[in-house]
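Count along the sequence shown from 1, add 168, and you get the number used in the working numbering. Glycine included, C-beta positions come from ideal geometry on N, C-alpha and C.
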Amino acid sequence: MAPEYGIRSVDVAEQLGVSKASVSKALTTLKEAGMVEQMRYGRVMLTERGRAYARRVWRSHRILRVFLRDELGVDPETADEEACLLEHYLSEDTMDRWCGYLERQGVSVIE
């Protein structure tokens, strides 16, 4: 039997605690941006463009979380929440520059 790839949108809604309609709307936006494709039987997969974006966001999140927690002493839960906010609201250029700066200062994402 072939392995199953992707995830069902209903599972995304359940994992995130949001409505199926919200997931459907987000998936439409992501499809239009070339970030995901929806397979037969409704399974959703990241495209190469989507995977590249996800890797960049995850890198940013980890660096920001470590910086907030270890360098500024923010409690871990707050650091995680605020890293999530920052990674999505700063421009890609600013985020790349900030993360590059932090890496040059020795902020390590190894946790």
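Backbone secondary structure at residue i - three-state DSSP
i, result
"ASP261", "helix"
Contacts around residue i, its chain only, beta-carbon distance under 6 Å, and the 5 residues preceding and following it disregarded
i, result
"PHE235", "LEU270 and VAL275"
"ARG175", "The residue you asked about is not Arg; residue 175 is Ile in the sequence shown. Excluding positions up to five away in sequence, the list reads VAL212."
"GLY218", "MET203 and VAL204"
"ALA170", "Model confidence at ALA170 stands at a pLDDT of 49, short of 50, so the residue's coordinates are unreliable and nothing is read from them."
Integer Cβ distance of residue i from residue j, believed to fall under 8 Å
i, j, result
"GLN183", "LEU195", "In fact, because the Cβ distance is near 14 Å, the residues do not count as touching under 8 Å."
Contact under 8 Å by Cβ, residue i with residue j
i, j, result
"LEU214", "VAL225", "no"
"VAL255", "MET263", "Contrary to the premise, residue 255 reads as Glu rather than Val in this sequence. In contact: GLU255 and MET263 (Cβ atoms closer than 8 Å)."
"SER177", "SER190", "no"
"ALA220", "ARG233", "no"
"CYS267", "ARG227", "yes"
Residues bridged to residue i (per DSSP)
i, result
"GLU205", "MET213"
"ILE175", "VAL212"
Beta-carbon contacts of residue i that lie in its chain and below 7 Å, excluding the five residues immediately before and after
i, result
"THR197", "none"
"PRO285", "Here the chain has residues from 169 to 279 only, and residue 285 is not among them."
"ALA222", "LEU214"
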